[in-house]
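K.L.:
Structure provided below as C-alpha cells; questions to follow.
Protein chains in written order, with our numbering: chain A, 9 to 139; chain B, 4 to 137.
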C-alpha cells in the first residue's frame, strides 16, 4: 500500500476491492432470494446501504486525489463512471422497494452484478495506456 | 373488456431496471463520444445516441404501461432488435463503417450480448402480458 502511494491509482485499492466483493456477495444473496420466491429482505437493503457508503468513500478518495493534482487517463469517462457508480445502489434500492416480490430481489441481483463491472471500468479509465 | 396486464409489474420491473442501466450506459457513452471526438467516427457515435434514445423511450414505455406505453415499447424493442442485428452484421462485414465500438457492435459483445437478448425479452414480455390473467 505505502509503496504504491506515489504511482498508484486512487480507485485501485482496498475500498475498490471491498466494493466489488460486497457487491458480488449481495448479488448471490439476492439471486438465492429470487430463486426461492422471496422479496428483497432487510439484509439486501442493509447490504445496498453499506455498498453505497463504500462507493461514496471510494469517490471521496478519488476526488481527494484529483484535488491533490493527480489526473485520470480519460477524465470524461472517469467522471461518467464515478457518477454512475454512486447512483447504482440507490437505483436498486428504489426499484426493489417498488417491487416487493421475487422480482425485486432479481433487480438487486442485476444491479449488483453491473456494479463490479463499473468499478473495473473506473479503474481502467484512470490508468489507460501504460499508466 | 380486453384488459391487458400491466407491463410495469413483476418481471417487467426487472426489465425496466435493465433498460435504465443500458439507457445510462449508452447515453454517457454517446454524450462523451460526440462531445470529445465526433469527427473520428460520426456514424458510430450517432448510432450510439440513437440506441441511447431507444433505451430511454423503451424504459418509459414499459413503465407507463397502458395502451400507448405498450405500443411505444413494442416499436422500441422491434427497432432495437433490427438495429442490433443489422449493426452486428455490418460491424463484422465492414469494419470501416464503425471504426469505433458502439453499444450494438458485434451484436453487443462488449456488453455481454445483453443488447441482443434485451429486445427479445422485451417482445416476449409484451406478448406474455397481451391479455389479462385468466
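Just so you know, even glycine gets a beta-carbon here, dropped at the ideal spot from N, CA and C. This one's a predicted model, so the numbers in the text were calculated from it and none came from an experiment.
Count the other CB atoms, across all protein chains shown, that sit within 10 Å of the CB of residue 47 of chain B; report buried if there are 16 or more and exposed otherwise.
P.N.:
Mapped onto the second chain, residue 47 of chain B falls at position 44. Classification of residue 47 of chain B: buried, given that the 10 Å Cβ count is 16 or more.
K.L.:
Going along chain A in order, which residues have a C-beta closer than 7 Å to the C-beta of residue 81 of chain B?
P.N.:
By 1-based counting over the second chain, the position of residue 81 of chain B is 78. Those within 7 Å of residue 81 of chain B in chain A number zero; the least Cβ separation is about 23 Å.
K.L.:
Given a cut-off of 8 Å, decide if residue 124 of chain A and residue 32 of chain A are closer than it, judged by their beta-carbon atoms.
P.N.:
Start at 1 with the first residue of the first chain, and residue 32 of chain A comes out as number 24. Start at 1 with the first residue of the first chain, and residue 124 of chain A comes out as number 116. Going by C-beta atoms, residue 32 of chain A is nearer than 8 Å to residue 124 of chain A.
K.L.:
Run the CB neighbour count on residue 64 of chain B, radius 10 Å, all protein chains shown included, and call it buried at 16 or more, exposed below.
P.N.:
For the purposes of this step, residue 64 of chain B is taken as the residue at position 61 of the second chain. That one is buried.
K.L.:
For residue 41 of chain B, is the classification buried or exposed, using 16 other Cβ atoms within 10 angstroms of its Cβ as the cut-off for buried?
P.N.:
Your numbering for residue 41 of chain B matches position 38 in the second chain. When all chains shown are included, residue 41 of chain B counts as exposed.
K.L.:
List the residues of chain A that residue 59 of chain B touches, going by C-beta distances under 9 Å, in chain order.
P.N.:
For this step, residue 59 of chain B is matched to residue 56 along the second chain. The premise fails here: residue 59 of chain B is roughly 14 Å from chain A at the closest Cβ pair, so nothing lies under 9 Å.
K.L.:
So residue 129 of chain A packs on residue 89 of chain A, CB below 8 Å; how close in whole Å?
P.N.:
Taking the first chain and counting its residues from 1, one reaches residue 129 of chain A at position 121. Taking the first chain and counting its residues from 1, one reaches residue 89 of chain A at position 81. 5 Å between Cβ atoms; contact.
K.L.:
Alpha helix (DSSP H) containing residue 101 of chain A: first to last residue?
P.N.:
As a first step, residue 101 of chain A is located in the first chain; it is residue number 93 there, counting from the start. First-last of the alpha helix (DSSP H) with residue 101 of chain A: 83-106.
K.L.:
Thinking C-alpha only, which one of A:72, A:91, A:126 and A:103 is nearest residue 53 of chain A?
P.N.:
By 1-based counting over the first chain, the position of residue 53 of chain A is 45. That would be A:103, whose Cα lies nearest to the Cα of residue 53 of chain A.
K.L.:
I'd like to know whether the C-beta atoms of residue 122 of chain A and residue 48 of chain A end up nearer to each other than 8 Å.
P.N.:
In the first chain, counting from the first residue as 1, residue 122 of chain A sits at position 114. In the first chain, counting from the first residue as 1, residue 48 of chain A sits at position 40. Not closer than 8 Å, so no.
K.L.:
Could you name the residues of chain A that residue 39 of chain B contacts, counting a contact when the two beta carbons are closer than 7 Å?
P.N.:
Start at 1 with the first residue of the second chain, and residue 39 of chain B comes out as number 36. Result: 84.
K.L.:
Extract the residue ranges of the alpha helix (DSSP H) inside the segment 10-53 of chain B, only unbroken runs of 4 or more that lie entirely within it.
P.N.:
Those alpha helix (DSSP H) runs which fall completely within the segment 10-53 of chain B and span 4+ residues are 14-40.
K.L.:
Suppose you measure from the CA of residue 101 of chain A to the CA of residue 122 of chain B; what does that come to, to the nearest Å?
P.N.:
Stepping through the first chain from its first residue, residue 101 of chain A is reached at position 93. Stepping through the second chain from its first residue, residue 122 of chain B is reached at position 119. Distance between the alpha carbons of residue 101 of chain A and residue 122 of chain B: 25 Å.
K.L.:
Can you name the start and end residues of the alpha helix (DSSP H) that residue 70 of chain B belongs to?
P.N.:
What you label residue 70 of chain B is simply residue 67 of the second chain in a count that begins at 1. 69-96 is the span of the alpha helix (DSSP H), which, as asked, contains residue 70 of chain B.
K.L.:
Under a Cβ-count criterion, where at least 16 other Cβ atoms within 10 Å of its own Cβ denotes burial, should residue 118 of chain A be classed as buried or exposed?
P.N.:
As a working mapping, residue 118 of chain A is identified with position 110 in the first chain. By the 10 Å Cβ count, residue 118 of chain A comes out buried.
K.L.:
Would residue 76 of chain A pass as an interface residue toward chain B - the criterion being a Cβ-Cβ separation below 8 Å?
P.N.:
As a position in the first chain, residue 76 of chain A is number 68, starting the count at 1. No, its Cβ sits nowhere closer than 8 Å to a Cβ of chain B.
K.L.:
According to DSSP, is residue 80 of chain A part of a helix, a strand, or is it coil?
P.N.:
By 1-based counting over the first chain, the position of residue 80 of chain A is 72. In this structure, residue 80 of chain A counts as coil in the three-state DSSP scheme.
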